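**Q**
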Amino acid sequence: MNDKLSLIVFITFLVLRSVDVNAAGNTYYKLPEEIRGFVDVADSCEYGISINDEYFIKENCSDIEGELNSLKGKYSDKYILSILSIYDDTVIIYLDYKKRKNCAVK
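Residue 17 in our numbering sits at position 11 of the sequence shown, and the numbers go up by one each step.
1. Take E73 and list the residues in its own chain whose beta-carbon comes closer than 7 Å to its own, dropping the five residues that flank it on each side.
2. Give the range of the alpha helix (DSSP H) segment to which L90 is assigned.
3. Going by CA-CA distance only, name the one from I86, S76 and I57 that's closest to P38.
4. Buried or exposed for Y61, going by 16 or more other Cβ atoms inside 10 Å?
5. Determine the contact status of T33 and D95, defining contact as a CB-CB distance below 7 Å.
6. Please report the residue range of the alpha helix (DSSP H) in which I70 lies.
7. My assumption, with CB atoms under 8 Å, is that I70 sits in contact with V97. Please give the rounded CB distance.
8. With I99 and I55 assumed to form a contact (beta carbons below 8 Å), what rounded beta-carbon distance in angstroms separates them?
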């Protein structure tokens with residue numbers, strides 16, 4: 007299962023790199039500040055899970071699903087929605103982490 011999680015994190019990183027820079031320049035800074043903030047938090051969430059750091063996870067992942075759904079409801083621009091859809095995997099990774107963590111405690 008760890009191999010699958012590592013693969014998902016790696017693929018997400020590659021996709022983010024391709025979204026971050028394109029022929030027209032760095033598109034990250036052209037995004038609304040609220041979206042950039044979410045991207046930073048979601049990336050920190052994935053990083054925390056990848057290194058199994060409880061502090062990073064608690065600080066960055068606790069409401070990742072709610073924040074993502076809120077932003078998807080707020081924005082109708084297809085480009086922004088395509089960027090946000092990348093983070094559906096982050097939510098899946100976090101929920102899987104929580105499920106594994108709860109199983110380990112029992």
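Glycine is no exception: its CB is placed at the ideal position from the N, C-alpha and C atoms. Note that the structure is predicted; figures quoted are calculated from it, not measured.
**A** To lay it out plainly:
1. Taking C-beta separations shorter than 7 Å and ignoring five residues to either side along the sequence, the partners of E73 in its chain run F44, following chain order.
2. Taken as a continuous stretch (DSSP letters only), the alpha helix (DSSP H) holding L90 covers K84 to I92.
3. Ranking I86, S76 and I57 by Cα distance to P38 puts I86 first.
4. Y61 comes out exposed.
5. No.
6. Here the alpha helix (DSSP H) through I70 covers I70 to K80.
7. About 6 Å; that satisfies the 8 Å criterion.
8. About 6 Å separates the CB atoms of I99 and I55; that is less than 8 Å, so the two are in contact.
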